[in-house]
Amino acid sequence: MTTSPHLLAPPARRVRRHLLSSADLDRAQVRAILDTAAEMHGVQQREVKKLPTLRGRTVVNLFFEDSTRTRSSFEIAGKWLSADVINISGKGSSTSKGESLRDTVLTVAAMGVDALVIRHHASGAAHQVSQWVDAHVVNAGDGTHEHPTQALLDAYTMERRLGDLQDRHVVIVGDLTHSRVVRSNLITLRTLGARVTLVAPPTLMPSGIGAWAAADGFELSHDFDAVLPTADAVMMLRVQRERMSGGFFPTPREYTVGYGLTRPRLDALMSANADAVICHPGPMNRGLEISPDAADAASSLVLDQVSAGVAVRMSVLYHLLAGNDEGEDS
Amino acid sequence: MLAPRDRVIRHEDYALRWSRSTSFNDLSCEAGKEVLAPVRPDSAVPRPVDASSKAPVTDLPAPSADSSRTVLSASDVSRALRRVAHEILEHNKGGADLVVLGIPSRGVALAKRLAAVMESVEGRPVPVGALDVTMHRDDLRRQPTRSPMHTDIPEPGIDDKVVVLVDDVLYSGRTVRAALDALSDLGRPRAVRLAVLVDRGHRELPIRADHVGKNLPTSGTERVAVRLLEHDGVEDQVTISAGESR
Numbered sequence: 001m002t003t004s005p006h007l008l009a010p011p012a013r014r015v016r017r018h019l020l021s022s023a024d025l026d027r028a029q030v031r032a033i034l035d036t037a038a039e040m041h042g043v044q045q046r047e048v049k050k051l052p053t054l055r056g057r058t059v060v061n062l063f064f065e066d067s068t069r070t071r072s073s074f075e076i077a078g079k080w081l082s083a084d085v086i087n088i089s090g091k092g093s094s095t096s097k098g099e100s101l102r103d104t105v106l107t108v109a110a111m112g113v114d115a116l117v118i119r120h121h122a123s124g125a126a127h128q129v130s131q132w133v134d135a136h137v138v139n140a141g142d143g144t145h146e147h148p149t150q151a152l153l154d155a156y157t158m159e160r161r162l163g164d165l166q167d168r169h170v171v172i173v174g175d176l177t178h179s180r181v182v183r184s185n186l187i188t189l190r191t192l193g194a195r196v197t198l199v200a201p202p203t204l205m206p207s208g209i210g211a212w213a214a215a216d217g218f219e220l221s222h223d224f225d226a227v228l229p230t231a232d233a234v235m236m237l238r239v240q241r242e243r244m245s246g247g248f249f250p251t252p253r254e255y256t257v258g259y260g261l262t263r264p265r266l267d268a269l270m271s272a273n274a275d276a277v278i279c280h281p282g283p284m285n286r287g288l289e290i291s292p293d294a295a296d297a298a299s300s301l302v303l304d305q306v307s308a309g310v311a312v313r314m315s316v317l318y319h320l321l322a323g324n325d326e327g328e329d330s
Numbered sequence: 331m332l333a334p335r336d337r338v339i340r341h342e343d344y345a346l347r348w349s350r351s352t353s354f355n356d357l358s359c360e361a362g363k364e365v366l367a368p369v370r371p372d373s374a375v376p377r378p379v380d381a382s383s384k385a386p387v388t389d390l391p392a393p394s395a396d397s398s399r400t401v402l403s404a405s406d407v408s409r410a411l412r413r414v415a416h417e418i419l420e421h422n423k424g425g426a427d428l429v430v431l432g433i434p435s436r437g438v439a440l441a442k443r444l445a446a447v448m449e450s451v452e453g454r455p456v457p458v459g460a461l462d463v464t465m466h467r468d469d470l471r472r473q474p475t476r477s478p479m480h481t482d483i484p485e486p487g488i489d490d491k492v493v494v495l496v497d498d499v500l501y502s503g504r505t506v507r508a509a510l511d512a513l514s515d516l517g518r519p520r521a522v523r524l525a526v527l528v529d530r531g532h533r534e535l536p537i538r539a540d541h542v543g544k545n546l547p548t549s550g551t552e553r554v555a556v557r558l559l560e561h562d563g564v565e566d567q568v569t570i571s572a573g574e575s576r
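Protein chains in written order, with the working numbering: chain L, 1 to 330; chain B, 331 to 576.
Structural data, given as structure tokens:
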């Protein structure tokens, strides 16, 4: 039993759970989220897709960067859990009139929201926001840092096709320097015990990654064709033209030849391991990092990833919002 | 930018973390069902348990030295389930249109046993499944997050069927209320019945069981624990013990 708050005592700041980084989750927590997502997936197949679980809670999608699938899947996820969902995009909001991130966030929070799903072009934005507001914060992509729900849905999608990811070999190919997906995926896949190889041209390998690889036990390669035959899953990353200031590779054509999932590489992958799967977090640059043959192949999980996105985000919102907060007197 | 692990922004150093001490991983959540019951002002005051203390409230035998006593043995459980299965069939005038749904976790095991008995009596299979009610509970916000369990609705669905909900212990009635809500999202049964192994009283909602294995008068501070072979790996038994005061 706790006593009622004393007037002189400092206001107890309630402990809020956030999902800011994939490193926030240990293996049991990832497991719990993925298992709950599987149940949510079942709800997705039903005629009545609504659950009353988050009735009366408000979720705000605060997107300062363009997004189709992440924003809409968070919106659907919230609505299927009966939360009220509001979308605010950077364009067309007061931000375009010069309001700072802090003021925008505090304004939104002052309306009494329970969760903020935030995407921002600055790395660490979600973490900053979590310091400012008394609401659950979900990082839906911050700059080139992290995108934890994408990693969870990738793991979920791969698990459904491959089974347990322990000791399975996942090859992630592409723009490692500018991708927030790769960092989150790397952490989550390692948490689940998978073997991970990152493949990129030297110009798209961030400096210092060798030390991280050595410490954490994942592998690095510049030779896609050499690691391809041992892959259980190949994840192609988008070449992020908007984050590149040029000079990372001579021509798009040369990138495709060296690091694209082309038709010959698709054939090589399938002949080495007929059960191997292909993932792409989207949106795809067809013909650049992935050929149309590979994108539409039977082994491609691209659309499964989108459909899993809703289930996984329902699970994340459920785990953040449904229970009481640690240390909170209920 | 990717960086060595020690240079990555380490949220755990300064960010608020997901709680690791919650029952996030307690998939059964059975403990909460029994222990977290509110102690009513009128219920017996929990007293230190020793061999000489009297059993609170009830006319059941005095507690044994280890403070828990067995109220149903394996053969009692088996007899009670057989009787309940026969009652359901009798009430339904046969096994037609019956769908047996267990409420996780032990209700599922009980549902399977009931369905097996009914199948041996009727000579044809009775559809059996599981109905998780976590997402419909009214106490979600009062407890650490629970992970939902598997829902498995047998093939014919529940529309126009007679659904028999099965749970191990009927207490406040809130779980059954949640189950009724969950059912209405899945279809429209012709009728819903409730079968429980133990009815321990203390209802908080206007809900009653149609078929009861054993009525067990208890005090609000006592714990009723059901153990089933296929779920717990120990011989079937129902025990009652003095709960911790909360």
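Built from N, CA and C at the ideal position, the CB exists for glycine as well.
Nothing here was measured: the structure is a model prediction, and the numbers come from that model.
### residue 63/L, enclosing alpha helix (DSSP H) - first and last residue
In the DSSP assignment, residue 63/L falls outside any alpha helix (DSSP H) and within the unbroken beta strand (DSSP E) covering 58 to 63.
### Message
Can you tell me which residues form a DSSP beta bridge with residue 544/B?
### Response
Note: residue 544/B sits in a beta bridge opposite 528/B.
### Message
With H, G and I counted as helix, E and B as strand and the rest as coil, what does DSSP make of residue 182/L?
### Response
For residue 182/L, the three-state secondary structure derived from DSSP is helix.
### Message
Tell me the residue span of the beta strand (DSSP E) that contains residue 398/B.
### Response
If you look at residue 398/B, you'll find it in the beta strand (DSSP E) that goes 398 to 402.
### Query
Would you say the segment 518 to 528 of chain B touches the segment 555 to 568 of chain B, given that touching needs at least three Cβ pairs under 8 Å?
Here the segment 518 to 528 of chain B makes contact with the segment 555 to 568 of chain B; the two share three or more CB pairs at distances below 8 Å.
### Task
Could you name the residues of the same chain whose beta carbon sits closer than 6 Å to that of residue 281/L, not counting the 5 residues immediately before and after it, in chain order?
Same-chain partners within the cutoff: 150, 181.
### Message
Looking only at its chain, what residues have a beta carbon closer than 7 Å to the beta carbon of residue 193/L, apart from the 5 residues adjacent to it on each side?
### Response
Taken in chain order, the residues that qualify are 165, 166, 167.
### Task
Consider the Cβ of residue 52/L: report whether some Cβ of chain B lies at a distance smaller than 8 Å.
By this cut-off, residue 52/L is an interface position.
### Task
Please name the residues in the segment 471 to 483 of chain B whose beta-carbon is closer than 8 Å to at least one beta-carbon of chain L, in chain order.
Cβ contacts with chain L: 471, 472, 473, 474, 475, 476, 477, 478, 479, 480, 481.
### Task
Say whether chain L places a C-beta atom closer than 8 Å to the C-beta of residue 465/B.
So, interface residue.
### Message
Within a Cβ cutoff of 8 Å, which residues of the same chain sit near residue 388/B, ignoring the five residues on either side of it in sequence?
### Response
At residue 388/B, the pLDDT of 41 sits below 50, so the modelled position is not reliable; the number obtained from the coordinates is stated separately. Residues 547, 548, 549 of the same chain have their beta carbon placed closer than 8 Å to that of residue 388/B, with the five preceding and five following residues left out of the count.
### Query
So with Cβ pairs under 8 Å, would you call residue 510/B a contact of chain L?
By this cut-off, residue 510/B is not an interface position.
### Whole-Å CB distance - residue 496/B paired with residue 428/B, under 8 Å assumed
Actually they do not touch by this definition, with Cβ atoms about 12 Å apart.
#### Entry: Distance between residue 267/L and residue 309/L (C-alpha atoms, nearest Å)
Spanning the two alpha carbons is a distance of roughly 28 Å.
### Message
Would you say residue 516/B lies against chain L (beta-carbon separation less than 8 Å)?
### Response
Put simply, the CB of residue 516/B is near chain L, with a gap under 8 Å to one of its CB atoms.
### Task
May I have the straight-line CA-CA distance separating residue 537/B from residue 505/B, to the nearest angstrom?
Looking at the two C-alpha atoms, the distance is approximately 10 Å.
### Query
Per DSSP, what kind of secondary structure is residue 482/B in: helix, strand or coil?
The answer is strand: DSSP assigns residue 482/B an E or B state.
### Query
Under 8 Å, do residue 470/B and residue 503/B count as touching if we go by C-beta distance?
Annotated as distal: residue 470/B and residue 503/B, with beta-carbon spacing of 8 Å or more.
### Message
Restricting to Cα atoms, I'd like to know which of 489/B, 449/B, 508/B is closest to residue 519/B.
### Response
Per the Cα distances, 489/B.
### Message
Need the endpoints of the alpha helix (DSSP H) that residue 502/B sits in, please.
### Response
Going by DSSP, residue 502/B is part of no alpha helix (DSSP H) at all; its letter is neither H nor E.
### Query
If you run the structure through DSSP and keep just helix, strand and coil, what is residue 534/B?
It is coil, neither helix nor strand.
### Query
Within 8 Å (strictly less), CB to CB, does residue 489/B reach chain L?
So no, residue 489/B is outside the interface.
### Query
Mind checking if residue 36/L is an interface residue toward chain B, Cβ cutoff 8 Å exclusive?
Yes, residue 36/L counts as interfacial toward chain B.
### Query
Exposed or buried, residue 198/L, counting other C-beta atoms within 10 Å across all chains shown (16 or more means buried)?
Buried: at least 16 other Cβ atoms inside 10 Å.
### Task
Only counting runs of 4 or more residues, tell me where the alpha helix (DSSP H) segments fall wholly within the segment 24 to 88 of chain L, in order along the chain.
Runs of the alpha helix (DSSP H) lying entirely within the segment 24 to 88 of chain L and spanning at least 4 residues, in chain order: 27 to 44, 69 to 80.
### Task
Within 10 angstroms of the Cβ of residue 157/L, are there 16 or more other Cβ atoms? Answer buried if so, exposed if not.
Buried: at least 16 other Cβ atoms inside 10 Å.
### 8 Å contact criterion, which residue 227/L and residue 19/L should meet: CB distance rounded
Contact flag wrong, Cβ pair sits at about 31 Å.
### Query
In chain L, which residues lie less than 9 Å from residue 462/B when you measure between Cβ atoms?
One finds 39 in chain L with Cβ atoms closer than 9 Å to the Cβ of residue 462/B, taken in chain order.
### Query
If you compare alpha carbons, which of 565/B, 403/B, 464/B is closest to residue 81/L?
Taking each of 565/B, 403/B, 464/B in turn and checking the Cα distance to residue 81/L, the smallest one comes out for 464/B.
### Test: residue 382/B CB closer than 8 Å to a CB of chain L
Unreliable positioning characterises residue 382/B in this predicted model, as indicated by a pLDDT of 41, which lies under 50. The coordinate reading is nonetheless provided below. So no, residue 382/B is outside the interface.
### Message
Beta-carbon within less than 8 Å of residue 195/L's beta-carbon, same chain only, minus the 5 sequence neighbours each way: which residues are those?
### Response
The answer, listed in chain order, is 167, 168, 169, 170, 218, 219.
### Among 262/L, 229/L, 279/L, nearest to residue 271/L - alpha-carbon criterion
Selection 262/L, 229/L, 279/L evaluated against residue 271/L yields 229/L as nearest (Cα-Cα).
### Query
If you follow the alpha helix (DSSP H) that residue 266/L is part of, which residue opens it and which one closes it?
Run containing residue 266/L: 263 to 272, per the alpha helix (DSSP H) assignment.
#### Entry: Extent of the continuous beta strand (DSSP E) to which residue 119/L belongs
Element bounds for residue 119/L: 115 to 120.
### Test item: CB-CB of residue 231/L and residue 269/L under 8 Å
Yes. Within cutoff.
### Message
Buried or exposed, going by whether 16 or more other CB atoms sit within 10 Å of the CB of residue 55/L?
### Response
Burial call: exposed.
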